[in-house]
Amino acid sequence: MIRWTIFLLFFLIIDIYAFQSLKTLSKNPWVQGPYWLLTFLVIGNFVIHYYGFNRRDGFSHAHSYAFGFFIALLIPKMILFIIMFGEDVFRVPQAIFRYFTEGETAKGNYFASRRQFISKLAMGIAAIPFGAIIYGIYKGKYNYKVFEYTLHFEDLPLAFDGYQITQISDIHSGSFDNMDKVAYAVDLINEQHSDAILFTGDMVNNKAEEMKPYIDIFSRLQAKDGLYSVLGNHDYGDYIHWDSEEAKTKNLEYLKAIQKEIGFDLLLNENRFLERQGERIALIGVENWGAGGFKKAGDLKKAVRSVEKNDFKILMSHDPSHWEKEVINDNNHFHLTLSGHTHGMQFGIEIPGWFKWSPVKWRYKYWAGIYEELGQYINVNRGFGYLAFPGRVGIWPEITVIKLKKGTANA
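Using this note's numbering, the letters of the sequence shown correspond one by one to residues 5 to 415.
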């Protein structure tokens, strides 16, 4: 209760300041009234859904949208707060100066009036993230983008020159609310006509049953050399309450069965060989391994059994922190690692080929796109679905297409 009281007081202070910009521009109650009504509805809905909320009880669509609309309201109000407070940094010293220099001649009216220009500027700036967030909730989460990369390797087997892989990650089927959009994305994956489709984990949020409505849609995925997958941290059901350990185990087994029904070959610290014209590349899949408090079920040594040192290796590992902490400096040379997990935080600014930024960079060194270390590459997929916040702003859902080429980029 104390925590919620502090939260509401904190928001009230921000809101009072944010309201000053609107109050400066209009005294009309028919303008000011909807401001407070919207605030009351959004905050009330948020409190209703999150007061006493325990994540282990599950995260519904209602929780997701309550959180999303709260963020859509909070960020613009914080911008208004910062700008209006910034104006007071100048108004308060001026008022103090007038108090001591003008005294009674100021008739107690020491504060200079707020400037309409500042209020208009504040409202204009705040409108940008508000519009972007609303767009992200209703359109951005299904704004699928195909990211194409060509990577060169001198030791790539000649038979695999031009070999094409499509990677998807972080489906999070329990978050979807538009089956037609998901079907469109699956068709978009097939349109890439890649040799293999690789899925790098988090098929569900918590329970295998979340995927049941989408089995037929994802069963349409096709690739000449097959579909391969690994597990992500959410697939184990670690984040919700189960009646028994047996129920949790059955859930994981059901998810594995669903993956098989769709057509995925699930690699659990295992490997497969893709063969062409007497040559091969090793496809290696580890269970989830994440730095910090995340599950560390991945066993790299077990996964590479039967893989030779000079084999060309593609590693599927859900969490990019695994690449940073264990893979890069392993005795084996993993030519290409495919990861996901970060979602690019579903929020950021990105101009492909020029600039990309997201707050998630403060948590993950490798958070979106291609990186190279010690002659080894990793692609961190931005995610196919979304989680918690029901949208994407600037960091769009991703389908990655990677073409392997023999030689060097400058050849």
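We treat Cβ as the ideally placed atom computed from N, Cα and C, and that holds for glycine.
From a predicted model like this one, the values you see are computed outputs, not experimental measurements.
- prompt: Counting only runs that start and end within the region 138 to 168, where is the alpha helix (DSSP H) found for 4 or more residues in a row?
  reply: none
task: Below 6 angstroms CB to CB, which residues in the same chain sit around Asn-385 once its five sequence neighbours on both sides are set aside?
output: Here residue 385 corresponds to residue number 381 of the sequence shown, with the count starting at 1. Same-chain partners within the cutoff: Gln-171, Ser-173, Gly-344, Glu-402, Thr-404.
message: What does the alpha-carbon distance come out to for the pair Met-349 and Met-88?
response: Taking the first residue of the sequence shown as position 1, residue 349 is located at position 345. Taking the first residue of the sequence shown as position 1, residue 88 is located at position 84. About 29 angstroms.
- request: With DSSP as the reference, label Met-376 as helix, strand or coil.
  value: Counted from its first residue, the sequence shown places residue 376 at position 372. It should be noted that the sequence gives Glu, not Met, for residue 376. In the structure shown, Glu-376 sits in a strand (DSSP, three-state: E or B).
Nearest-angstrom Cα separation, counted from Ile-17 out to Phe-44: What you label residue 44 is simply residue 40 of the sequence shown in a count that begins at 1. What you label residue 17 is simply residue 13 of the sequence shown in a count that begins at 1. One C-alpha to the other measures close to 14 angstroms.
- request: With DSSP as the reference, please indicate the residues paired to Asp-269 in a beta bridge.
  value: Residue numbering aside, residue 269 sits at position 265 when the sequence shown is read from its first letter. For Asp-269, which the question treats as bridged, DSSP gives the partners Tyr-232.
query: Using the C-alpha atoms, what's the distance from Thr-154 back to Tyr-4?
result: Only positions 5 to 415 of the chain appear in this structure, which leaves residue 4 out of reach.
- prompt: If His-67 sits next to Asp-181, beta carbons under 8 angstroms apart, how far is it from one beta carbon to the other, in whole angstroms?
  reply: Locating residue 67 in the sequence shown gives position 63, where the first residue counts as 1. Locating residue 181 in the sequence shown gives position 177, where the first residue counts as 1. That belief does not hold up - the Cβ atoms of His-67 and Asp-181 are roughly 13 angstroms apart, past 8 angstroms.
message: Pairs of beta-carbons, one from the region 23 to 35 and one from the region 137 to 144, closer than 8 angstroms: are there three or more?
response: no
query: Among residues of its own chain, excluding the 5 on either side of Arg-276, which ones have a beta-carbon nearer than 6 angstroms to its beta-carbon?
result: For this step, residue 276 is matched to residue 272 along the sequence shown. These residues qualify, in order along the chain: Leu-287.
- request: Please name the residue or residues paired with Tyr-381 in a DSSP beta bridge.
  value: Along the sequence shown, read from residue 1 onward, the residue named residue 381 stands at position 377. Tyr-381 is bridged to Leu-340, Glu-376.
Alpha-carbon spacing of Pro-356 relative to Tyr-370, whole angstroms: Position 352 of the sequence shown, counting from 1, holds the residue named residue 356. Position 366 of the sequence shown, counting from 1, holds the residue named residue 370. Roughly 16 angstroms separates the two Cα atoms.
- request: Report the three-state DSSP secondary structure of Met-320 (helix, strand or coil).
  value: For the purposes of this step, residue 320 is identified with residue 316 of the sequence shown, where counting begins at 1. Reduced to three states, the DSSP call for Met-320 is strand.
query: Who are the Cβ neighbours of Ser-223 in its own chain at under 8 angstroms, not counting the five residues just before and after it?
result: In the sequence shown, counting from the first residue as 1, residue 223 sits at position 219. Counting only Cβ-Cβ distances below 8 angstroms, and skipping sequence neighbours, we find Glu-265, Ile-266, Gly-267.
- prompt: Touch check for the region 236 to 245 and the region 358 to 378: three-plus C-beta pairs under 8 angstroms?
  reply: no
field: Trp-8 versus Phe-50 - alpha carbon distance
entry: Translated into the one-based positions of the sequence shown, residue 8 becomes position 4. Translated into the one-based positions of the sequence shown, residue 50 becomes position 46. Whole-angstrom Cα-Cα distance: 11 angstroms.
query: Taking buried to mean at least 16 other C-beta atoms within 10 Å of its own C-beta, is Met-207 buried or exposed?
result: Working through the sequence shown from its first residue, we reach residue 207 at position 203. Answer is buried; the Cβ neighbour count reaches 16.
field: the region 301 to 321 touching the region 185 to 192, judged by at least three CB pairs closer than 8 angstroms
entry: no
- prompt: How would you call Trp-366, buried or exposed, if buried means at least 16 neighbouring beta carbons within 10 angstroms?
  reply: Reading the sequence shown from its first residue, position 362 is the one you call residue 366. Exposed, since its Cβ has fewer than 16 Cβ neighbours within 10 Å.
- request: Find the nearest neighbour of Gly-56 within the set Thr-253, Leu-42, Met-5, Leu-41, judged by alpha-carbon distance.
  value: Counted from its first residue, the sequence shown places residue 56 at position 52. Cα-wise, what sits closest to Gly-56 is Met-5.
query: Is it right to say Arg-59 is buried, meaning 16 or more other beta carbons lie within 10 angstroms of its own, or is it exposed?
result: Counted from its first residue, the sequence shown places residue 59 at position 55. Exposed: under 16 other Cβ atoms inside 10 Å.
query: Can you tell me whether Thr-204 is buried or exposed, with buried defined as 16 or more other CB within 10 angstroms of its CB?
result: Position 200 of the sequence shown, counted from the first residue, corresponds to residue 204. Under this definition Thr-204 is a buried residue.
query: Quick one: what's got a C-beta closer than 6 angstroms to Ala-130's C-beta in the same chain, skipping five residues either side?
result: To locate residue 130, count along the sequence shown from 1; it is residue 126. Counting only Cβ-Cβ distances below 6 angstroms, and skipping sequence neighbours, we find Pro-80, Ile-83, Leu-84.
query: For Leu-287, does the three-state DSSP call read helix, strand or coil?
result: Locating residue 287 in the sequence shown gives position 283, where the first residue counts as 1. Strand.
- request: Apply the 10 Å Cβ neighbour rule to Glu-274 and answer buried if 16 or more other Cβ atoms are within range, or exposed otherwise.
  value: Start at 1 with the first residue of the sequence shown, and residue 274 comes out as number 270. Its Cβ being crowded by 16 or more others within 10 Å, Glu-274 is buried.
field: Nearest-angstrom Cα separation, counted from Tyr-54 out to Asn-292
entry: For the purposes of this step, residue 292 is identified with residue 288 of the sequence shown, where counting begins at 1. For the purposes of this step, residue 54 is identified with residue 50 of the sequence shown, where counting begins at 1. So the two alpha carbons sit approximately 29 angstroms from each other.
Beta-bridge pairing of Lys-409 - partner residues as DSSP gives them: In the sequence shown, counting from the first residue as 1, residue 409 sits at position 405. In the DSSP output, where bridge partners are listed per residue, Lys-409 has His-156.
field: Among Gln-36, Gly-37, Trp-40, Tyr-69, nearest to Ile-1 - alpha-carbon criterion
entry: Examination of residue 1 is not possible in this model, given that the chain is present from 5 through 415 alone.
message: I'd like to confirm the pairing. Which residues does DSSP put opposite Ala-189 in its beta bridges?
response: Taking the first residue of the sequence shown as 1, we reach residue 189 at position 185. Ala-189 pairs with nothing; no bridge assigned.
- prompt: What are the complete alpha helix (DSSP H) segments, minimum 4 residues, inside the region 204 to 266?
  reply: 219 to 222, 249 to 266
field: Pairwise C-alpha distance: Arg-119 and Phe-388
entry: Here the question's residue 388 lines up with position 384 in the sequence shown. Here the question's residue 119 lines up with position 115 in the sequence shown. Those two C-alpha atoms are separated by around 46 angstroms.
8 angstroms Cβ cutoff met for Ala-227 and Ala-200: Numbered from 1 along the sequence shown, position 223 holds the residue referred to as residue 227. Numbered from 1 along the sequence shown, position 196 holds the residue referred to as residue 200. In this structure, Ala-200 lies closer than 8 angstroms to Ala-227 by Cβ.
message: Am I right that Gly-294 and Ser-325 are in contact with their C-beta atoms under 8 angstroms? What's the rounded C-beta distance?
response: For the purposes of this step, residue 294 is taken as the residue at position 290 of the sequence shown. For the purposes of this step, residue 325 is taken as the residue at position 321 of the sequence shown. Between Ser-325 and Gly-294 the Cβ distance is about 6 angstroms, and since that is below 8 angstroms, they are a contact.
field: For Ala-200: DSSP bridge partner residues
entry: Start at 1 with the first residue of the sequence shown, and residue 200 comes out as number 196. Bridge partners of Ala-200: Ile-169.
- prompt: Roughly how many angstroms lie between the CA atoms of Leu-253 and Asn-210, to the nearest whole one?
  reply: Walking along the sequence shown from the start, residue 253 turns up at place 249. Walking along the sequence shown from the start, residue 210 turns up at place 206. Checking the sequence shown, residue 253 turns out to be Thr, not Leu. Straight-line Cα distance between these residues: approximately 12 angstroms.
message: Can you tell me whether Lys-300 is helix, strand or coil according to DSSP?
response: For the purposes of this step, residue 300 is identified with residue 296 of the sequence shown, where counting begins at 1. Three-state DSSP puts Lys-300 in a strand.
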